[in-house]
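As structure tokens, the structure follows; a few thoughts come after it.
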Amino acid sequence: MEMRVSHEIEITPTSVILDGQPIAVNDTGEKMLVELYRRYVGDYPKFFKMDTLARLGFIAAEIVLKQQGQTCNSQQPTAIILANRSASIKNDTDYLATISDGNYYPSPALFVYTLPNIVTGEIAIRHHIQGETSFYVLDNPEQLEPIVQSTLATRHSPAVILTGWCECSEANMFNAKLQIIWNN
Amino acid sequence: MVYCAGHSIISPLGEGSQANLEAVRAGRSGLKQYTDRFPSVEPFCASLFDTPQSFVPLCIKSVELAVTNVDLASSQTVFVLSTTKGDNLDLWTPAQTIARHFGNPNRPIVVSNACTSGVCAQITAKRLLDAGLYRHAVVVGCDIQSQFIVSGFQAFKALSPEPCLPFSPDRKGLNLGEAAATMVLTTEPRDGWCLETGSIHNDANHISAPSRTGEGAFQCLQDVLEGVSVSEIALLGVHGTATLYNDDMEKIAIQRAGLENVLVSALKPVFGHTMGAAGVLETIICALQATQSYSVNRTSFIIKMLSGFGGVNAAVRWRCE
Amino acid sequence: MEQLIEQLKAQIIDALNFEDMTPADIETDAPLFGEGLGLDSIDALELIMLMDREYGIKLADPKAGKAIFQSVRTMAEYIQQHRTK
Numbered sequence: 025m026e027m028r029v030s031h032e033i034e035i036t037p038t039s040v041i042l043d044g045q046p047i048a049v050n051d052t053g054e055k056m057l058v059e060l061y062r063r064y065v066g067d068y069p070k071f072f073k074m075d076t077l078a079r080l081g082f083i084a085a086e087i088v089l090k091q092q093g094q095t096c097n098s099q100q101p102t103a104i105i106l107a108n109r110s111a112s113i114k115n116d117t118d119y120l121a122t123i124s125d126g127n128y129y130p131s132p133a134l135f136v137y138t139l140p141n142i143v144t145g146e147i148a149i150r151h152h153i154q155g156e157t158s159f160y161v162l163d164n165p166e167q168l169e170p171i172v173q174s175t176l177a178t179r180h181s182p183a184v185i186l187t188g189w190c191e192c193s194e195a196n197m198f199n200a201k202l203q204i205i206w207n208n
Numbered sequence: 003m004v005y006c007a008g009h010s011i012i013s014p015l016g017e018g019s020q021a022n023l024e025a026v027r028a029g030r031s032g033l034k035q036y037t038d039r040f041p042s043v044e045p046f047c048a049s050l051f052d053t054p055q056s057f058v059p060l061c062i063k064s065v066e067l068a069v070t071n072v073d074l075a076s077s078q079t080v081f082v083l084s085t086t087k088g089d090n091l092d093l094w095t096p097a098q099t100i101a102r103h104f105g106n107p108n109r110p111i112v113v114s115n116a117c118t119s120g121v122c123a124q125i126t127a128k129r130l131l132d133a134g135l136y137r138h139a140v141v142v143g144c145d146i147q148s149q150f151i152v153s154g155f156q157a158f159k160a161l162s163p164e165p166c167l168p169f170s171p172d173r174k175g176l177n178l179g180e181a182a183a184t185m186v187l188t189t190e191p192r193d194g195w196c197l198e199t200g201s202i203h204n205d206a207n208h209i210s211a212p213s214r215t216g217e218g219a220f221q222c223l224q225d226v227l228e229g230v231s232v233s234e235i236a237l238l239g240v241h242g243t244a245t246l247y248n249d250d251m252e253k254i255a256i257q258r259a260g261l262e263n264v265l266v267s268a269l270k271p272v273f274g275h276t277m278g279a280a281g282v283l284e285t286i287i288c289a290l291q292a293t294q295s296y297s298v299n300r301t302s303f304i305i306k307m308l309s310g311f312g313g314v315n316a317a318v319r320w321r322c323e
Numbered sequence: 002m003e004q005l006i007e008q009l010k011a012q013i014i015d016a017l018n019f020e021d022m023t024p025a026d027i028e029t030d031a032p033l034f035g036e037g038l039g040l041d042s043i044d045a046l047e048l049i050m051l052m053d054r055e056y057g058i059k060l061a062d063p064k065a066g067k068a069i070f071q072s073v074r075t076m077a078e079y080i081q082q083h084r085t086k
């Protein structure tokens with residue numbers, strides 16, 4: 025089994041690096057994610073309903089998959105396998121604020137994002153990917169490698185995996201490092 | 003090949019897989035009405051432990067009950083935890099605490115794939131074992147109910163005020179539940195149950211509404227049916243949450259896969275929706291049902307399917323002897 | 002009534018995170034679901050919570066919301082009749 029990384033993107037609150045080359049951004053943190061949305065997408069208002077974790081994964085996937093061009097179709101089954109350390113804690117905290125004592129109005133729009141795998145669903149919807157979507161909570165990004173390798177080794181293994189770390193612990197504390205991996 | 007070396011269930015209905023199977027057979031249910039269990043939430047119907055449980059001790063007890071001759075402290079053993087909200091919203095730390103409690107030197111893996119987590123955790127464990135990275139995997143599924151979860155499902159108008167009625171035209175929604183369940187998987191051949199295949203697919207349709215065509219669930223069923231005939235399936239463990247849209251979606255997926263005449267097991271009226279535990283708990287009960295109650299053949303196959311938020315669907319096929 | 006309609010539009014934009022929209026962009030009589038604003042099932046649930054939070058109106062049955070959430074005007078009319086705050 026051989027695997028090949030075709031493209032890679034890294035997003036931090038202050039930087040975006042695509043295939044090793046920095047992309048110039050004006051804003052930082054959550055505002056930078058909106059800036060990237062306006063530059064690379066612009067016509068998908070559902071973006072503004074997403075929590076920060078989903079926005080981060082969505083925009084990272086958008087930019088890196090654009091590099092790839094046409095990848096996601098039934099001839100090349102695609103999987104999305106992401107991981108982080110703190111699950112959906114940033115959005116969990118936002119939801120908790122809507123069920124506080126004396127101000128109890130639980131928000132369904134926030135509740136639906138209190139699961140870390142929603143970001144994989146958002147990417148799947150946007151890119152019409154009906155393959156596997158999985159989310160793991162791990163100690164660090166290295167721990168994801170054997171999981172991805174063992175996924176590639178299965179009989180029905182996907183041809184392409186969009187995979188990597190997608191972490192958001194607070195509103196302006198996040199980092200994503202996503203790769204497109206080909207199963208050769 | 004991956005075999006089951008031991009299993010356990012702890013639910014409000016009892017401790018141990020066999021005790022819970024007997025509760026199912028006796029027609030008992032853990033579902034009760036609650037009015038003041040959590041602050042501010044509306045009255046609800048759920049299956050909860052009489053004495054509120056802590057996440058980590060409950061998981062540890064579940065693993066201990068599944069005791070086998072597998073060395074849990076070995077570097078050849080990995081812990082895989084299936085949960086949605088973990089210990090008060092923390093998922094990683096409790097997993098590490100549980101693995102360390104058993105002297106396990108490896109970093110555990112937490113599968114957090116919404117309501118499909120318990121089936122996905124079995125699939126992840128099987129892959130790691132098949133790839134030769136470990137020889138044994140301890141798959142633990144657990145969720146504890148809270149104001150957080152109940153308020154959210156109430157805001158979603160997804161809860162039934164009465165015991166749920168999966169696939170009934172009169173169904174009004176789901177009931178939540180809490181439980182811990184463990185399956186110890188091993189590459190060492192043994193009699194009993196064998197995890198043959200698993201599949202995960204996304205609907206790519208909506209983050210909370212099930213697909214109207216059942217596409218992801220159908221693709222999962224199609225994958226796990228490969229290599230067996232429908233007549234060999236002794237039991238299909240459905241998700242059967244009893245929400246209007248989930249059950250409609252599942253019905254379509256089951257029909258599309260040609261499984262409409264297979265006996266189904268829908269366990270939510272007994273245990274409620276136990277979230278991260280559901281995939282593990284319901285797989286164990288289905289396998290026991292197939293081997294101890296329903297099966298006339300010596301060998302039979304069961305399929306366990308689940309669907310969840312994020313549009314994710316999953317299914318596994320076990321061979322049961 | 003007109004004042005309530007304007008207030009409601011602002012609350013809808015805020016509750017549903019319509020980033021690039023102002024109250025003037027929402028037509029009072031246009032359908033909220035389907036062709037109009039294109040709201041989905043989660044938006045409907047969020048509108049139910051908005052009715053509770055801002056106007057003290059509890060809608061237990063989501064199906065009853067269909068008639069109320071036809072347009073901003075039908076929402077405003079319902080609020081005017083049933084508000085408790």
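Chains as they are written, first to last, in the working numbering: chain B, 25 to 208; chain Y, 3 to 323; chain R, 2 to 86. For every residue, glycine included, the Cβ atom is placed at its ideal position computed from N, Cα and C. Note that the structure is a prediction, hence the values are computed from the model and not measured.
C-alpha distance - residue i paired with residue j, whole-angstrom precision
i, j, result
"B/Ala195", "B/Thr117", "10 Å"
"Y/Gln224", "B/Pro130", "38 Å"
"R/Thr75", "R/Asp15", "19 Å"
"Y/Asp145", "Y/Trp94", "14 Å"
"B/Glu169", "Y/Arg321", "30 Å"
"Y/Arg266", "Y/Ala236", "In the sequence under discussion, the amino acid at residue 266 of chain Y is Val, which differs from the Arg named in the question. In a straight line, the C-alpha of Y/Val266 is about 9 Å away from that of Y/Ala236."
"B/Ser210", "Y/Asp132", "Shown here, chain B extends from 25 to 208; a query on residue 210 of chain B therefore has no answer."
"R/Asp49", "Y/Ala280", "The sequence given here has Ile at residue 49 of chain R, not Asp. R/Ile49 and Y/Ala280: Cα-Cα distance of roughly 30 Å."
"R/Gln12", "R/Glu47", "11 Å"
"Y/Glu234", "Y/Val226", "12 Å"
"B/Glu133", "B/Ala121", "Note on residue identity: the sequence assigns Ala, not Glu, to residue 133 of chain B. Each residue's alpha carbon lies about 13 Å from the other."
"Y/Ile12", "Y/Phe57", "12 Å"
"R/Ala77", "B/Tyr119", "27 Å"
"Y/Pro171", "Y/Asn248", "13 Å"
"Y/Glu198", "B/Leu186", "26 Å"
"B/Pro165", "R/His83", "53 Å"
"Y/Asp89", "Y/Thr53", "16 Å"
CB contact flag (residue i, residue j, <7 Å)
i, j, result
"Y/Met251", "Y/His9", "no"
"Y/Gly194", "Y/Val318", "no"
"Y/Thr79", "Y/His138", "yes"
"B/Phe198", "B/Leu80", "yes"
"Y/Leu178", "Y/Thr245", "no"
"B/Val49", "B/Ala111", "no"
"Y/Ser84", "Y/Gly143", "yes"
"Y/Ile209", "Y/Cys122", "no"
"Y/Glu180", "Y/Leu50", "yes"
"B/Ala148", "Y/Asn315", "no"
"Y/Thr188", "Y/Val72", "yes"
"R/Phe70", "R/Leu33", "yes"
"Y/Ala268", "Y/Pro168", "yes"
"B/Asp67", "B/Glu59", "no"
Bridge partners - residue i, DSSP secondary structure assignment
i, result
"Y/Ala317", "Y/Ser201, Y/Met307"
"Y/Tyr36", "Y/Phe46"
"B/Gly201", "Note on identity: in this sequence residue 201 of chain B is Lys, with Gly being the wrong assignment. In the DSSP output, where bridge partners are listed per residue, B/Lys201 has B/Glu34, B/Trp189."
"B/Pro46", "B/Ile41"
"B/Ser124", "B/Asn127"
"Y/Cys6", "Y/Leu187"
"B/Arg28", "B/Trp206"
Closer than 6 Å: residue i CB and nearest the ligand SAM heavy atom
i, result
"B/Asn127", "Among the components of this structure there are no ligands whatsoever, and the ligand SAM is therefore not found."
Reference residue i, options the options, closest by Cα
i, options, result
"Y/Ala255", "Y/Ser84, Y/Lys270, Y/Leu238, Y/Leu269", "Y/Leu238"
"B/Met27", "B/Phe198, B/Gly188, B/Ala177, B/Leu202", "B/Ala177"
"Y/Val282", "Y/His241, Y/Ala259, Y/Asp38", "Y/His241"
"Y/Thr126", "B/Ala78, B/Gln100, B/Thr157", "B/Thr157"
"Y/Val113", "Y/Val141, Y/His103, Y/Gln221", "Y/Val141"
"Y/Phe81", "Y/Gly154, Y/Ala101, Y/Phe150", "Y/Ala101"
"B/His180", "Y/Ala211, Y/Glu228, Y/Met307", "Y/Glu228"
"B/Phe71", "R/Leu51, R/Leu9, R/Phe19", "R/Phe19"
"B/Leu57", "B/Gln45, B/Ser30, B/His31, B/Ala85", "B/Ala85"
"B/Ala78", "B/Gln91, B/Ile204, B/Tyr61, B/Gln100", "B/Tyr61"
Residues of the stretch 140-155 of chain B with a CB closer than 7 Å to any CB of chain R: list them in chain order, please. Answer set for the stretch 140-155 of chain B: empty.
Which residues, taken in chain order from the stretch 42-61 of chain R, show a beta carbon closer than 7 Å to some beta carbon of chain Y? Residues passing the 7 Å Cβ filter: Ser42, Ile43, Leu46, Met50.
Beta carbons nearer than 8 Å to chain R: which residues of the stretch 227-248 of chain Y have them? Listed by position, the residues of the stretch 227-248 of chain Y near chain R (Cβ gap below 8 Å) amount to none.
Residues of the stretch 18-40 of chain R with Cβ closer than 8 Å to any Cβ of chain B, in chain order: Hits within the stretch, in order: Asn18, Phe19, Glu20, Asp21.
Under 8 Å, CB to CB, which of the residues in the stretch 120-131 of chain B have a partner in chain Y? Along the stretch 120-131 of chain B, the positions whose C-beta sits under 8 Å from a C-beta of chain Y are Leu120, Ile123, Asp125, Tyr128, Pro130, Ser131, read in chain order.
Chain R contacts made by the stretch 196-221 of chain Y, where a contact means CB separation under 9 Å: Only His208, Ile209, Ser210, Ala211 from the stretch 196-221 of chain Y bring a Cβ to less than 9 Å from some Cβ of chain R.
Taking beta-carbon pairs under 7 Å, can you tell me which members of the stretch 99-129 of chain Y lie near chain B? Taking 7 Å as the Cβ-Cβ cut-off against chain B, the residues of the stretch 99-129 of chain Y that qualify are Arg109, Ile111, Val112, Val113, Ser114, Asn115, Ala116, Cys122, Thr126, Arg129.
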